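> Residue numbers (the working numbering): 674 to 914.
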Amino acid sequence: MNAAAVEAGLPTRSQIERWSTAHLDAAATHWEKVAAGSQAAFSAHVSRMETPGATQWSGGAATAAYNRARDAQEVVTAQCAITRDCVAIARRGGDDIRAMQRVALEAISEAEENGFAVADDLSLIDTKRAVASTSDAAQRSIEGQHLAEFIRWRASHLVQVDDRVANELAAKASELERLKISGRDSTVHMLSGGSHASQSLSEARRRAVEYADQWADGANPEYRNFGVGHECVGSGRKVSR
674 MNAAAVEAGL
684 PTRSQIERWS
694 TAHLDAAATH
704 WEKVAAGSQA
714 AFSAHVSRME
724 TPGATQWSGG
734 AATAAYNRAR
744 DAQEVVTAQC
754 AITRDCVAIA
764 RRGGDDIRAM
774 QRVALEAISE
784 AEENGFAVAD
794 DLSLIDTKRA
804 VASTSDAAQR
814 SIEGQHLAEF
824 IRWRASHLVQ
834 VDDRVANELA
844 AKASELERLK
854 ISGRDSTVHM
864 LSGGSHASQS
874 LSEARRRAVE
884 YADQWADGAN
894 PEYRNFGVGH
904 ECVGSGRKVS
914 R
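1) Please name the residue in Ala751, Asp758, Ser814 and Ser693 whose C-alpha comes closest to that of alanine 844.
2) Put aspartate 794 into one of helix, strand or coil per three-state DSSP.
3) Quick check: valine 749 and serine 711, are their CB atoms within less than 8 Å of each other?
4) Between Ile824, Gln746, Asp769 and Ser847, which has its C-alpha nearest alanine 708's C-alpha?
5) The alpha helix (DSSP H) that contains lysine 845, what's its start and end?
6) How many Å lie between valine 834 and glutamine 774 at the Cα?
7) Distance, Cα to Cα, alanine 792 vs glutamate 816?
8) What number of angstroms, rounded off, separates the C-alpha of valine 776 from the C-alpha of isoleucine 770?
9) State buried or exposed for alanine 695, treating a residue as buried only when at least 16 other CB atoms are found within 10 Å of its CB.
10) Rounded to whole angstroms, how far is the Cβ of phenylalanine 789 from the Cβ of leucine 820, which I believe are closer than 8 Å?
11) For the alpha helix (DSSP H) that arginine 691 lies in, which residues bound it at each end?
12) Comparing C-alpha positions only, which one of Ile824, Ala751, Ala738 and Gly767 sits nearest to alanine 699?
13) Does the distance from the CB of leucine 849 to the CB of alanine 828 come in under 8 Å?
14) Below 8 Å between beta carbons: does that hold for isoleucine 755 and valine 838?
15) How would you label glutamine 752, buried or exposed, when you count the other beta carbons within 10 angstroms and need 16 or more for buried?
16) What number of angstroms, rounded off, separates the C-alpha of threonine 800 from the C-alpha of arginine 825?
17) Using CA atoms only, rank isn't needed, just tell me which of Leu697, Asp809 and Ala780 is closest to isoleucine 689.
18) Using CA atoms only, rank isn't needed, just tell me which of Ala784, Arg686 and Gly732 is closest to glutamine 818.
19) If we call anything under 8 Å between Cβ atoms a contact, is alanine 713 one with valine 760?
20) Could you tell me the alpha carbon to alpha carbon distance between arginine 686 and leucine 797, rounded to whole angstroms?
21) CA-CA distance, alanine 734 and alanine 742?
22) Should alanine 811 be labelled buried (16 or more other beta-carbon atoms within 10 Å of its own) or exposed?
Structure (structure tokens):
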């Protein structure tokens with residue numbers, strides 16, 4: 674890759690061609706199912722607190738248990754609303770990223786159709802062996818510069834859109850971190866690290882993939898105390914490249 678491409682933070686041609694939104698598609702599908710399942714599970718849990726074992730339960734302990742379950746249900750409802758926001762961001766973002774990838778590849782194709790080879794660092798080489806005159810050569814040089822600038826412009830927009838989606842998901846992750854279920858160890862924990870980080874193009878892209886990993890793996894052990902397992906966080910990695 675040449676110095677100009679590195680300084681501009683642009684992807685290479687091969688990176689543009691391989692750009693994937695699979696992690697967004699998989700996460701959106703998973704989050705949608707998780708949100709629906711979590712709300713249903715906590716609704717059932719609250720009902721069980723009212724009539725455990727289909728029997729009436731009264732007294733201070735019953736009231737405390739029921740109130741705790743209702744408080745947890747309210748938090749989970751808020752968490753799942755944020756999760757559905759993530760679904761919308763991931764799906765809309767995936768569409769936007771694919772659109773920007775498509776137009777970047779179209780810019781590369783346009784240059785090739787005009788007789789220029791596009792290298793992996795997005796630099797152009799004129800494949801015409803000879804030109805009629807010096808003025809024609811100058812015109813070809815100008816044309817090549819314009820086509821190269823157009824490719825770089827579209828490649829930069831692809832990165833910008835990808836980063837925007839990642840930042841929107843990161844903001845939602847921060848919202849989830851601030852939500853709590855009352856009780857011991859009640860903070861909604863977000864893990865650090867991620868097995869896909871080394872494959873990322875940018876810090877923002879790394880955060881998006883890491884966030885998808887964290888949410889799919891499960892990060893709130895307090896759910897275990899309510900007898901419904903990990904419905905709101907699911908299990909298993911859904912991110913793929």
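Note that the Cβ used here is the ideal one computed from N, Cα and C, for glycine as well.
Nothing here was measured: the structure is a model prediction, and the numbers come from that model.
Once the coordinates are examined:
1) Here the closest residue by C-alpha is Asp758.
2) coil
3) yes
4) Gln746
5) 807-851
6) Rounded to the nearest whole angstrom, the CA to CA distance from valine 834 to glutamine 774 is 10 Å.
7) 16 Å
8) 10 Å
9) exposed
10) 6 Å
11) 686-691
12) Gly767
13) no
14) no
15) Classification of glutamine 752: buried, given that the 10 Å Cβ count is 16 or more.
16) Going from the Cα of threonine 800 to the Cα of arginine 825 covers about 20 Å.
17) Per the Cα distances, Ala780.
18) Put simply, of Ala784, Arg686 and Gly732 the residue whose alpha carbon is nearest the alpha carbon of glutamine 818 is Ala784.
19) no
20) Leucine 797 has its alpha-carbon roughly 12 Å from the corresponding atom of arginine 686.
21) 12 Å
22) exposed
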